[in-house]
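Undergrad: Order-wise, the sequence lines are chains A and B.
Number 685 marks the last residue of the first sequence (my numbering); no jumps.
Number 608 marks the last residue of the second sequence (my numbering); no jumps.
Idealized CB from N, CA, C, for every residue including glycine.
All of these numbers come straight from a predicted model, not from anything done at the bench.
Have a look at this one before I ask anything.
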Amino acid sequence: MSDDQTMWQPTGARQPGVIGDVVAGMATAMLVLAPMPLAAQEGAGANGGEPSGEQSDGTSADGSEEAASDQKKSGDQKGDAPTPKLYLMSAQSVHEDISSIVPERIGALLRDRVEGDGGVDVLPHLETMKRAEADRPVTAAISKAREKYTSGLGLVNAGRYEEAAENLQSAVETLKKNVAQLQEFGVLTDALKNLARAYWETGSNYDARRQIRQYAHLVPDAELDPEKYPKGLRDIYDRETGKVDKAGTGTLEIDANVEGATVLIDGKEKGKTPASVEDVGFGHHYLVVRHPKEGTFSKKIRVRGRGKTQSFEAELGGEGSGQGAMAEKSKEPSLPSYYTALQSSIRDGNFGDDLDPYLSELRQETEADFVAWVAMLKNDNAYVAAPFVYRMEDGTLIQGENVEFNFELSNLMAGVDSLQKAILGAVDEMPKAKRVEKVSLVEEKEEKPKRAEAGETKEDEQKDEGGEEVARADQTEDKSSTSGSEAESVEPPPTPEDPPPEDDEGGNKALLYGLVAGGTLLVGAGVAGGVYYFGGGAGQQPNGFEATITW
Amino acid sequence: MSSGTTSSGVWRRTAWVSAALLLASSLAACGGPPETPGVDITLFGWDGATSDFTSDVTNYTGAERLQVKLTRPRGQELVEAHDFDLGSNEGKVPELSFGQGLRLDFDLIDEKGSRIATGATPIFRSGPEAEDREFSVMLGPPREFAPVGARFRGVGYTQVKFDDRTDEDRNFSRIGHRAVRASDGEVLVVGGGQVQRRNPPSMPELNGVLGDVQLFNSGSGYVSDLAYNVRAGKQRDDGADRLRIPRAYHTLTPIGDRQFVAVGGLTLDQGSTRVVGAVEVIDLSNEPGRRVIRPVDNEGDPLTLNTPRAMHTATYRPSAGHVVVAGGTTGNGATPSVEIVDIDDRRVYQAGQLSSGRIQHETIRMGDEQGSLLAVGGRNGSGALDSAELFRIEDESVESVDGASLAQSRYDFAALRVRPEIMAVFGGFTATDEASGVPTSNCQLLVLRGGGVDAVNAWSLHRRRGGADAVQLTQSNTTVVIGGRDDEGNVVEEAVGVLPTEQQMLTPADDDRGTMDTARFDPTVTRLSTGNVLLTGGRGPNGGALPSLEYYNPADIVAARPGGGGDGS
Numbered sequence: 135m136s137d138d139q140t141m142w143q144p145t146g147a148r149q150p151g152v153i154g155d156v157v158a159g160m161a162t163a164m165l166v167l168a169p170m171p172l173a174a175q176e177g178a179g180a181n182g183g184e185p186s187g188e189q190s191d192g193t194s195a196d197g198s199e200e201a202a203s204d205q206k207k208s209g210d211q212k213g214d215a216p217t218p219k220l221y222l223m224s225a226q227s228v229h230e231d232i233s234s235i236v237p238e239r240i241g242a243l244l245r246d247r248v249e250g251d252g253g254v255d256v257l258p259h260l261e262t263m264k265r266a267e268a269d270r271p272v273t274a275a276i277s278k279a280r281e282k283y284t285s286g287l288g289l290v291n292a293g294r295y296e297e298a299a300e301n302l303q304s305a306v307e308t309l310k311k312n313v314a315q316l317q318e319f320g321v322l323t324d325a326l327k328n329l330a331r332a333y334w335e336t337g338s339n340y341d342a343r344r345q346i347r348q349y350a351h352l353v354p355d356a357e358l359d360p361e362k363y364p365k366g367l368r369d370i371y372d373r374e375t376g377k378v379d380k381a382g383t384g385t386l387e388i389d390a391n392v393e394g395a396t397v398l399i400d401g402k403e404k405g406k407t408p409a410s411v412e413d414v415g416f417g418h419h420y421l422v423v424r425h426p427k428e429g430t431f432s433k434k435i436r437v438r439g440r441g442k443t444q445s446f447e448a449e450l451g452g453e454g455s456g457q458g459a460m461a462e463k464s465k466e467p468s469l470p471s472y473y474t475a476l477q478s479s480i481r482d483g484n485f486g487d488d489l490d491p492y493l494s495e496l497r498q499e500t501e502a503d504f505v506a507w508v509a510m511l512k513n514d515n516a517y518v519a520a521p522f523v524y525r526m527e528d529g530t531l532i533q534g535e536n537v538e539f540n541f542e543l544s545n546l547m548a549g550v551d552s553l554q555k556a557i558l559g560a561v562d563e564m565p566k567a568k569r570v571e572k573v574s575l576v577e578e579k580e581e582k583p584k585r586a587e588a589g590e591t592k593e594d595e596q597k598d599e600g601g602e603e604v605a606r607a608d609q610t611e612d613k614s615s616t617s618g619s620e621a622e623s624v625e626p627p628p629t630p631e632d633p634p635p636e637d638d639e640g641g642n643k644a645l646l647y648g649l650v651a652g653g654t655l656l657v658g659a660g661v662a663g664g665v666y667y668f669g670g671g672a673g674q675q676p677n678g679f680e681a682t683i684t685w
Numbered sequence: 040m041s042s043g044t045t046s047s048g049v050w051r052r053t054a055w056v057s058a059a060l061l062l063a064s065s066l067a068a069c070g071g072p073p074e075t076p077g078v079d080i081t082l083f084g085w086d087g088a089t090s091d092f093t094s095d096v097t098n099y100t101g102a103e104r105l106q107v108k109l110t111r112p113r114g115q116e117l118v119e120a121h122d123f124d125l126g127s128n129e130g131k132v133p134e135l136s137f138g139q140g141l142r143l144d145f146d147l148i149d150e151k152g153s154r155i156a157t158g159a160t161p162i163f164r165s166g167p168e169a170e171d172r173e174f175s176v177m178l179g180p181p182r183e184f185a186p187v188g189a190r191f192r193g194v195g196y197t198q199v200k201f202d203d204r205t206d207e208d209r210n211f212s213r214i215g216h217r218a219v220r221a222s223d224g225e226v227l228v229v230g231g232g233q234v235q236r237r238n239p240p241s242m243p244e245l246n247g248v249l250g251d252v253q254l255f256n257s258g259s260g261y262v263s264d265l266a267y268n269v270r271a272g273k274q275r276d277d278g279a280d281r282l283r284i285p286r287a288y289h290t291l292t293p294i295g296d297r298q299f300v301a302v303g304g305l306t307l308d309q310g311s312t313r314v315v316g317a318v319e320v321i322d323l324s325n326e327p328g329r330r331v332i333r334p335v336d337n338e339g340d341p342l343t344l345n346t347p348r349a350m351h352t353a354t355y356r357p358s359a360g361h362v363v364v365a366g367g368t369t370g371n372g373a374t375p376s377v378e379i380v381d382i383d384d385r386r387v388y389q390a391g392q393l394s395s396g397r398i399q400h401e402t403i404r405m406g407d408e409q410g411s412l413l414a415v416g417g418r419n420g421s422g423a424l425d426s427a428e429l430f431r432i433e434d435e436s437v438e439s440v441d442g443a444s445l446a447q448s449r450y451d452f453a454a455l456r457v458r459p460e461i462m463a464v465f466g467g468f469t470a471t472d473e474a475s476g477v478p479t480s481n482c483q484l485l486v487l488r489g490g491g492v493d494a495v496n497a498w499s500l501h502r503r504r505g506g507a508d509a510v511q512l513t514q515s516n517t518t519v520v521i522g523g524r525d526d527e528g529n530v531v532e533e534a535v536g537v538l539p540t541e542q543q544m545l546t547p548a549d550d551d552r553g554t555m556d557t558a559r560f561d562p563t564v565t566r567l568s569t570g571n572v573l574l575t576g577g578r579g580p581n582g583g584a585l586p587s588l589e590y591y592n593p594a595d596i597v598a599a600r601p602g603g604g605g606d607g608s
């Protein structure tokens, strides 16, 4: 991140100097102002101003060796511009200070508008994509997994282990996910075994160990061909099956909300519900309960062995337990961790290039050219929506003009129109003037009583600098405090308990207060100076560093 | 309301304001406590008992407590030590001493008080102005190998491999690559490729070759391809930040200021393997896009060796600021030629010849005042060589000083300067007319004496091993010999330690120092400032190239100073 920053500062932004820091710090600061203008530096960052491949010391004279190189020179990337693919995230409420209904409504309308524009190809939400994936016919998924498995076997035999591992890993994941519908459980175990071998041969011993252990639990009596399976891998298998032997078997009591459902352990039929299954080996296994009308239930279970009895309750007939579905399926499809982390970072209100890895993942998953989102906050008078557009190609982040929605949302359509324009305009032009590197939408809240903030002066300065106010401090309650000074802004409001001043003593009290005021100032200066002097003042430095260790 | 009341109110407010100012100014003057620089460390472990990573070291088999030590490894100094119960999952150590060359060492202790896992940050510096640092430290069993682990995308710790985020269909497994320390926390890994299974004496035939430049960070466990643009989510498409000429069996020589010179090697040319003469410079101080440079001479021509070569040596002479390139294969046989690569002067010139053409030999700069170079062993058309030659570069020319004969001819062996005037050689292959290369267990010292060199004190390791590597540990001065291949062609997975007992003696009693997690032949072996040794890539037991990295934890403990703090054990 370069020095370029867009700072959203609280109304009553801090005055320079220590007193200003202290005073401002004593005030509540969950406030938002307009982004300050940013002079985005050309050439800053990873891509800006980079040479196109030739070094300045001159390397144009490529000899024959260069001809042998596999390096590619970049070409002009512009050509017939295809319709840009835009991934429009749901509107995010910063610190979740706004009821989710508001950003949802604004986000939905905005999506309609952007889709209707036609200038961009709006990609479906990841939530929608995941749901569609989950709804895809299971048999087709298993069929695809079988293809991957077969292909993986061929690649293993051809010694192309990395490709084999990729295919087999994909097959194993799909088969495990759809184990309830898997008719040939042996495909899964054989895929595990070969996956372990492929990982081992590529030096990924850790992954190989995990797979062969799982295989050992499912098939503890196999003999691994020494011609194919290296000794190290066979040793791990033997050790794991030794553990299985040593731990002994356990008994599983399996019941269901439907009587007469078929119980299968690792693909083998073991009876009808309620069923008691004895002699199940130690380790991880797959429990499936099937009923022709009520659907299926599946669960990966861990058998403790040592003669212990474990009980499992299968629930069939639920929303997700129909034909071709597992009982757990009724849940919302889980979003990938990078995506939830991305949402969380935006909701945090402070972000910059820390989003890059998440957005990179999103790009790989969606092939989006741009990602847009709206971060929403609330000030005293309105909801404030800050639109952002991120260009995947080079990581440029644009922050559009903020849009305010009144609390009644009577200006909803107009506001959404503004957001639509801001986002599409950014996609179209990526204006340099609106580029940002780091965004701070909020400052930390402090546990101080709410105070009147500084007057108009700082706000005016913000506006003069080209910013637009998007959220403001609480209005001062004491209208008599009009000078706008920091000192007056911290004056405590009068309380009912304050006795009314008496006329005849007013002058004396005024004098007394004046003396007290002057005195305290002098004492304060003295104390401050003393502390400053004896404490080492500005030259004071920490004596050491602190190590925080987390384990 | 009377004017008096108004006046009183104003003054009262003024008093309030003054009091507030007093408080504010006092606080401001104090400035609060000075901001203390922080070092945040996240520990995780490779648990040898479960052969698995554990992010919660309280679950580490047998662990009872954690010992945290601030050390200065280069001064062999234990500064202070603190103990923590494992139950809290977090510990703070305030006011650790500022300084340079610092390291935080961690020991997991069992109920008997024995270390069951150790780890450390890279060496770092800290001062009042230092920025906060973050490290992810992997603890592992002492004297054991373990996969390098790192946390990726918050999904738990997984085995680290070379960064293969690329749009192209590339295989990042590698043999014949080079790795050198780039800083206290980083290792630079450059080039390499996939090689057909070959016998030790033969010229490698490449199946694929890499031009990538990867940087391993021991404080995070991440490997980053310099040419990967994180922002854009893809490899750079302008060819920058990787070698112009992909290569394997080249040399990579640090020349200071985070600059490294890649010289020679083998590349693929229309499917055929051929030798390279090109010189390239990796400058990690440059901004992205300019970190790999093809330097040119004063005529504007790229710097290139006069005799392209591979499997040569390249030795930096800091006093002269140049790199001495010696021997190697031209593709048609061994060359005795010596060339100087002078990056500062932008020139490459011939400096003369060794007494013999040598391939897979070793050349080491010795610690004598003249900065003599000692070239040892290797092979050529007449077989494996037992000769050693001491030479210097005078007036840009090779000046031969003296020679010696080893008790055993050898090539592709491990060699180290174990004292300024002593070089030790370990194992190697001895025959060029047999497919196995006939590895040897023989080790020997070469000692500079009276302006010349003598070969002394031959002894044997317990197993024969050709193509091994060796590192010297900074605390115990023990030399650990790692890897190699035995006379049946199997990878020697055990590491052994060799202890120097007096200035010119090494005991032949090698002791067991752990077994590789992944059997690998021809990996790179690099000692890190964490104390760990990093192994990258190499050839797996079935001949294929490996993309993974692993640590060897030699448990080279920084002991307490006499009379100092710490446990001293």
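1. Kindly indicate which three-state DSSP category A:Ala448 falls into: helix, strand or coil?
2. Would you check if the distance between the CB atom of B:Val520 and the CB atom of B:Val537 is smaller than 8 angstroms?
3. Check for me: the alpha helix (DSSP H) holding A:Ile346 runs from which residue to which?
4. Rank A:Pro408, A:Ser224, A:Thr385 and A:Thr217 by C-alpha distance to the C-alpha of A:Ser478 and give the top, closest one.
5. Drop a sphere of 10 angstroms on the beta-carbon of B:Pro243, count the other beta-carbons inside from all chains shown, and report buried for 16 or more, exposed for fewer.
6. So B:Glu319 packs on B:Leu344, CB below 8 angstroms; how close in whole Å?
7. For B:Leu135, which residues in chain A fall below 8 angstroms Cβ to Cβ?
8. For the alpha helix (DSSP H) containing A:Gln554, name the first residue and the last one.
9. Taking Cβ-Cβ distances below 7 angstroms as the criterion, which residues of the segment 329-357 of chain A are in contact with chain B?
10. Could you tell me which of B:Asn529, B:Thr565 and B:Arg488 sits nearest to B:Ala509, measuring between CA atoms?
11. Give me the Cα-Cα distance between B:Ser448 and B:Gly416, rounded to the nearest whole angstrom.
12. With which residues is B:Trp85 paired in a DSSP beta bridge?
13. Mind listing, in chain order, the continuous beta strand (DSSP E) runs of no fewer than 3 residues lying wholly within the segment 140-215 of chain B?
14. I need the straight-line Cα distance from B:Leu445 to B:Val464, nearest angstrom please.
15. Anything in chain B within Cβ reach of A:Tyr295, meaning under 8 angstroms, just list it in chain order.
16. My output table needs one value for A:Tyr524: the three-state DSSP class, helix, strand or coil.
17. By DSSP, does B:Thr97 sit in helix, in strand, or in coil?
18. Is it the case that the Cβ atoms of B:Arg330 and B:Arg283 are separated by a distance below 8 angstroms?
19. Name, going along the chain, the residues of the segment 493-527 of chain A whose beta-carbon falls closer than 8 angstroms to a beta-carbon of chain B.
20. Within 10 Å of its beta-carbon, does A:Ala567 have 16 or more other beta-carbons around it, so buried, or fewer, so exposed?
21. Between A:Leu220 and A:Ala506, what straight-line distance do the alpha-carbon atoms span, to the nearest angstrom?
22. Comparing alpha-carbon positions, which option in B:Ser515, B:Arg236 and B:Leu455 lies nearest B:Gly582?
23. Measuring only the C-alpha atoms, how far is A:Ser432 from B:Gly138?
24. Would you check if there are 3 or more beta carbon pairs closer than 8 angstroms linking the segment 551-565 of chain B to the segment 156-168 of chain B?
25. Note down, in chain order, each residue of its chain lying with its Cβ closer than 7 angstroms to the Cβ of B:Glu460, except the 5 sequence neighbours on either side.
26. If B:Pro347 and B:Thr369 are in contact, beta carbons under 8 angstroms, what's the gap, nearest whole angstrom?
27. For chain A, is any of its Cβ atoms less than 8 angstroms away from the one on B:Asp556?
28. Determine the chain A residues that contact B:Thr197 at a beta-carbon separation under 9 angstroms, and present them in chain order.
29. Does the segment 215-227 of chain B come close enough to the segment 295-311 of chain B to have 3 or more Cβ pairs within less than 8 angstroms?
TA: Taking the coordinates as given:
1. Reduced to three states, the DSSP call for A:Ala448 is strand.
2. Closer than 8 angstroms, so yes.
3. Element bounds for A:Ile346: Asn339 to Leu352.
4. With distances taken between CA atoms, A:Ser478 lies nearest to A:Ser224 out of A:Pro408, A:Ser224, A:Thr385 and A:Thr217.
5. By the neighbour-count rule (16 or more Cβ atoms within 10 Å), B:Pro243 is buried.
6. Contact annotation, B:Glu319 with B:Leu344: C-beta distance approximately 12 angstroms; criterion of less than 8 angstroms not satisfied.
7. Chain order gives the chain A residues near B:Leu135 as Gly678, Phe679, Glu680 and Ala681, where near means a beta carbon separation below 8 angstroms.
8. Residues Leu546 to Glu563.
9. Listed by position, the residues of the segment 329-357 of chain A near chain B (Cβ gap below 7 angstroms) are Glu335, Thr336, Gly337, Ser338, Asn339, Tyr340, Asp341 and Arg343.
10. For B:Ala509, the nearest C-alpha among the options comes from B:Thr565.
11. Annotation: B:Ser448 to B:Gly416 spans about 6 angstroms, alpha carbon to alpha carbon.
12. For B:Trp85, DSSP records a beta bridge to B:Phe92.
13. Listed in chain order, the complete beta strand (DSSP E) runs (minimum 3 residues) inside the segment 140-215 of chain B are 154-159, 163-165, 172-178, 183-186, 188-190 and 196-198.
14. Looking at the two C-alpha atoms, the distance is approximately 10 angstroms.
15. Ordered by position in chain B, the residues that pass the 8 angstroms Cβ test against A:Tyr295 are Gly583.
16. In this structure, DSSP gives A:Tyr524 an extended state, which the three-state scheme calls strand.
17. In the structure shown, B:Thr97 sits in a helix (DSSP, three-state: H, G or I).
18. Contact: no.
19. Taking 8 angstroms as the Cβ-Cβ cut-off, the segment 493-527 of chain A approaches chain B at Leu493, Ser494, Glu495, Arg497, Gln498, Met526 and Glu527, given in chain order.
20. Exposed is the call here.
21. Going from the Cα of A:Leu220 to the Cα of A:Ala506 covers about 7 angstroms.
22. It is B:Arg236 whose Cα lies nearest to the Cα of B:Gly582.
23. Each residue's Cα considered, the two are about 58 angstroms apart.
24. No, the segment 551-565 of chain B does not touch the segment 156-168 of chain B.
25. In its chain, beyond the 5 residues on either side, Met405, Gly406, Asp407, Val486 and Leu487 have a beta carbon closer than 7 angstroms to the beta carbon of B:Glu460.
26. With a Cβ gap of about 7 angstroms, B:Pro347 and B:Thr369 count as contacting.
27. B:Asp556 counts as touching chain A.
28. Near B:Thr197 (Cβ distances below 9 angstroms), the residues of chain A are Tyr340 and Asp341.
29. Yes, they touch.
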